[in-house]
Amino acid sequence: MDILKVREGIPVTRNLIYLNTGWSGPSPSRVTQRIKEQLDYEMERGPATLDSLPRSRAIHEELAKGVAGLMNAPEESVALTQSTTHGLVMVVNGLDWFPGDEIVTCSLEHPSVMLPSLMLQKTHGVKVRIADIDPKDDKSIILAKIEALLSPRTRLVYLSHIQFSCGLRLPAKEVAELAHRRGAFLLLDGAQCGGQIALDMKGWGCDFYAIPGHKWLLGPDGTGALYIRKELIPDITPRYPAHGAVEEYDIRTGALKLNLEHPRKFRLSTTSVALEAGMAEAIAFQREQGFQEIEARGMALAARLRDGLRSIPGVTITSPEGGETGSALVTFALAGREPRQVVELLWARGIAARQVPTPPAVRLCTAFYNTEEEVAQVCAVLGEMGR
Ligand SMILES: Cc1ncc(COP(=O)(O)O)c(C=O)c1O
5 MDILKVREGI PVTRNLIYLN TGWSGPSPSR VTQRIKEQLD YEMERGPATL
55 DSLPRSRAIH EELAKGVAGL MNAPEESVAL TQSTTHGLVM VVNGLDWFPG
105 DEIVTCSLEH PSVMLPSLML QKTHGVKVRI ADIDPKDDKS IILAKIEALL
155 SPRTRLVYLS HIQFSCGLRL PAKEVAELAH RRGAFLLLDG AQCGGQIALD
205 MKGWGCDFYA IPGHKWLLGP DGTGALYIRK ELIPDITPRY PAHGAVEEYD
255 IRTGALKLNL EHPRKFRLST TSVALEAGMA EAIAFQREQG FQEIEARGMA
305 LAARLRDGLR SIPGVTITSP EGGETGSALV TFALAGREPR QVVELLWARG
355 IAARQVPTPP AVRLCTAFYN TEEEVAQVCA VLGEMGR
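Numbered per my numbering, the sequence shown finishes at 391, counting up by one with no gaps.
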């Protein structure tokens, strides 16, 4: 990877040290350019003409193909969405639930996992069972804690693949095996994964997996994708049915011939072609760098950051120490200072970070476009604060 060339294409790198990719990633100029080109085309040539409609369809297909490549998934298993949460809720609300059904999740979870589950508990009498996982737990402990909560009533195991608040990476393949052994589905929230780690739907064997376009993929807000294992598409009812949800219908008889199997059944009616073009371009940019290379570089920078943090008096690293449960989200507490205050002090020095709640800490994301020098600089600033 030619890191200087990569950074030349990402303007924010000239202005600040951006370590908040896990919230929203800075777009490369070619992504923004692609969005503008489509908007300009629509403005000048019309958004719905016999020329522009095939162009829009081609962009949509380019994106679906791009997502399939990114996720190592068959194209017919990919639905385009507008965010991670959109995809997650499509699955959760699309399943049929009965009182006493159970969802297994964990104590570190993002609201996008916890809230749809708790809503079902309130509205459908579903029981939410919460595994008490510690960011420092190893793989076997994590699996044992999840397994202990599985029962014949478990319908869904619903977890973030990488936890937003401490960077803990869960073992996707093994959790899928556990869930399937008990007859449950696995829905993974991949908000922190698409564009950070090499995705492998075929290898991991999970049932549903949602990603955003706007975080580690460096695409625009308002984009995302959902993987659904092909055989399960008929099991998910589109709760916002638009024209893709049916093959045909008759308003006199009310007869509906449902589209059961094609993911277009989940499409809302009008979506932004310009944003889809931006996400397609963001995926192309990543594909050119290499998905494995991107993951390896983010992990190497995170390891370097943890090394630097360990040598700063008063710093406690709250994320995993690397290895198979580690990721490029590094979280830490600094003795005598609130996380919010550390974030503000970093920002005053041109470093973008965020605070996180569980456990309370500062989060730094090392994306592939960050550098060793940036990591050293952050550690130097934190060292001054720690003194
Ligand atoms: C684990 C996790 N899930 C869901 C979300 C929400 O993502 P989106 O805005 O794409 O719905 C986030 C955002 O930070 C996240 O970290």
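In this text, a Cβ means the ideal position worked out from N, Cα and C, and glycines have one as well.
Going by DSSP in three states, G29 sits in which element: helix, strand or coil?
For this step, residue 29 is matched to residue 25 along the sequence shown. Three-state DSSP puts G29 in coil, outside helix and strand.
Whether or not the region 263 to 275 and the region 163 to 183 are in contact is what I'm after, with contact meaning three or more pairs of Cβ atoms, one per stretch, closer than 8 angstroms; do they touch?
no
Got a sec: does ligand 1 put a non-hydrogen atom nearer than 7 angstroms to the Cβ of G29?
Looking up residue 29 in the sequence shown gives position 25. For ligand 1, not one heavy atom lies less than 7 angstroms from the Cβ of G29.
At a threshold of 7 angstroms, does R133 count as lining ligand 2 (C-beta to nearest heavy atom)?
As presented, the structure is devoid of ligand 2, carrying ligand 1 as its sole ligands.
Inter-residue CB distance, C170 and P139 (contact presumed, cutoff 8 angstroms):
Along the sequence shown, read from residue 1 onward, the residue named residue 170 stands at position 166. Along the sequence shown, read from residue 1 onward, the residue named residue 139 stands at position 135. Right, the Cβ-Cβ distance comes to about 4 angstroms (below 8 angstroms), so this counts as a contact.
Compare the beta carbon distance of G354 and L338 with 8 angstroms and say whether it is the shorter of the two.
Stepping through the sequence shown from its first residue, residue 354 is reached at position 350. Stepping through the sequence shown from its first residue, residue 338 is reached at position 334. In this structure, L338 does not lie closer than 8 angstroms to G354 by Cβ.
Q359 beta carbon near ligand 1 (any heavy atom closer than 7 angstroms)
Stepping through the sequence shown from its first residue, residue 359 is reached at position 355. Result no, Cβ not under 7 angstroms from ligand 1.
Cβ pair A284, L74 closer than 8 angstroms
Taking the first residue of the sequence shown as position 1, residue 284 is located at position 280. Taking the first residue of the sequence shown as position 1, residue 74 is located at position 70. Not closer than 8 angstroms, so no.
Is M205 buried or exposed, if buried means 16 or more other CB atoms sit within 10 Å of its CB?
Stepping through the sequence shown from its first residue, residue 205 is reached at position 201. Buried, since its Cβ has 16 or more Cβ neighbours within 10 Å.
By how many angstroms is the C-alpha of E235 removed from the C-alpha of T88?
Within the sequence shown, numbered from 1, the residue matching residue 88 stands at position 84. Within the sequence shown, numbered from 1, the residue matching residue 235 stands at position 231. Distance between the alpha carbons of T88 and E235 is about 21 angstroms.
Span of the alpha helix (DSSP H), counted from its first residue to its last, around E65:
Working through the sequence shown from its first residue, we reach residue 65 at position 61. Note, E65: alpha helix (DSSP H), S56 to M75.
Can we count A288 as close to ligand 1, meaning its CB is less than 7 angstroms from some heavy atom?
Along the sequence shown, read from residue 1 onward, the residue named residue 288 stands at position 284. It does not: the Cβ of A288 is nowhere closer than 7 angstroms to a heavy atom of ligand 1.
Can you round the beta-carbon distance between A357 and R367 to whole angstroms, since I take them to be within the 8 angstroms contact cut?
Position 353 of the sequence shown, counting from 1, holds the residue named residue 357. Position 363 of the sequence shown, counting from 1, holds the residue named residue 367. That pair is a contact at about 6 angstroms.
Is H64 near ligand 1, judged by its Cβ being under 7 angstroms from some heavy atom?
In the sequence shown, residue 64 corresponds to position 60, counting from 1. H64 Cβ: outside cutoff for every heavy atom of ligand 1.
Could you check what DSSP says for C383 in three-state terms: helix, strand or coil?
Along the sequence shown, read from residue 1 onward, the residue named residue 383 stands at position 379. If DSSP states are grouped into helix, strand and coil, C383 belongs with the helices.
Straight-line Cα distance separating L23 from R391
Along the sequence shown, one-based indexing puts residue 391 at 387. Along the sequence shown, one-based indexing puts residue 23 at 19. Approximately 23 angstroms between the Cα atoms of the pair.
With which residues is I355 paired in a DSSP beta bridge?
By one-based count along the sequence shown, residue 355 stands at place 351. Bridge partners of I355: I21.
Closest to R275 by CA distance: which of H64, P363, R314 and P324 is it?
By one-based count along the sequence shown, residue 275 stands at place 271. Just to set this straight, residue 275 is Thr in the shown sequence, not Arg. If we check each option's Cα against that of T275, H64 comes out closest.
Mind checking which residues open and close the alpha helix (DSSP H) that includes R3?
Look at the range of the chain in this structure, 5 to 391, and you will see that residue 3 is not part of it.
Reduced DSSP secondary structure (H/G/I, E/B, other) of T275:
Residue mapping note: residue 275 aligns to position 271 of the sequence shown, counting from 1. Note: T275 maps to coil in three-state DSSP.
Relative to the C-alpha of G226, which candidate in H247, G387, G207 and E280 has its C-alpha closest?
If you number the sequence shown from 1, residue 226 lands on position 222. G226 has its Cα closest to that of E280, out of H247, G387, G207 and E280.
State the Cα-Cα distance for the pair M5 and E297, rounded to the nearest angstrom.
Here the question's residue 5 lines up with position 1 in the sequence shown. Here the question's residue 297 lines up with position 293 in the sequence shown. Rounded to the nearest angstrom, the two C-alpha atoms are 8 angstroms apart.
Given this structure, state the Cα-to-Cα distance separating A384 from I39, to the nearest angstrom.
On the sequence shown, position 380 is the one that residue 384 refers to. On the sequence shown, position 35 is the one that residue 39 refers to. Spanning the two alpha carbons is a distance of roughly 38 angstroms.
Is any non-hydrogen atom of ligand 1 found closer than 7 angstroms to the C-beta of G26, if you look at the structure I gave you?
As a position in the sequence shown, residue 26 is number 22, starting the count at 1. G26: yes, Cβ under 7 angstroms from ligand 1.
Spatial neighbours of A246 in its chain, beta-carbon cut-off 7 angstroms, leaving aside the 5 residues before and after
Position 242 of the sequence shown holds residue 246. These residues qualify, in order along the chain: R271, L272 and S273.
Who are R341's beta bridge partners in DSSP?
As a position in the sequence shown, residue 341 is number 337, starting the count at 1. BP columns for R341 are empty, so no partner.
Given the structure, does F336 come close to ligand 1, in the sense that its CB is under 7 angstroms from one of the ligand's heavy atoms?
Residue numbering aside, residue 336 sits at position 332 when the sequence shown is read from its first letter. No, Cβ of F336 sits at least 7 angstroms from all heavy atoms of ligand 1.
With respect to 7 angstroms, is the separation between the Cβ of A195 and the closest non-hydrogen atom of ligand 1 below this value?
Here residue 195 corresponds to residue number 191 of the sequence shown, with the count starting at 1. Result yes, Cβ under 7 angstroms from ligand 1.
By how many angstroms is the C-alpha of L172 removed from the C-alpha of L350?
Start at 1 with the first residue of the sequence shown, and residue 350 comes out as number 346. Start at 1 with the first residue of the sequence shown, and residue 172 comes out as number 168. Their backbone Cα atoms lie some 24 angstroms apart in a straight line.
Based on the DSSP secondary-structure assignment, which residues constitute the bridge partners of C369?
Residue mapping note: residue 369 aligns to position 365 of the sequence shown, counting from 1. Paired residue(s): L333.
Touch check for the region 117 to 137 and the region 145 to 154: three-plus C-beta pairs under 8 angstroms?
yes
Terminal residues of the alpha helix (DSSP H) in which P120 lies:
For the purposes of this step, residue 120 is taken as the residue at position 116 of the sequence shown. Start and end: P115 to H128.
Is the CB-CB distance between S31 and L222 below 8 angstroms?
Stepping through the sequence shown from its first residue, residue 31 is reached at position 27. Stepping through the sequence shown from its first residue, residue 222 is reached at position 218. Yes, these two residues count as a Cβ contact at 8 angstroms.
So, does the region 293 to 313 touch the region 329 to 349, judging by three or more C-beta pairs under 8 angstroms?
yes
How far does the beta strand (DSSP E) with R159 in it extend, from its first residue to its last?
Counted from its first residue, the sequence shown places residue 159 at position 155. Run containing R159: T158 to S164, per the beta strand (DSSP E) assignment.
Would the beta-carbon of T109 fall within 8 angstroms of that of V96?
Along the sequence shown, read from residue 1 onward, the residue named residue 109 stands at position 105. Along the sequence shown, read from residue 1 onward, the residue named residue 96 stands at position 92. Cβ atoms of T109 and V96: not closer than 8 angstroms.
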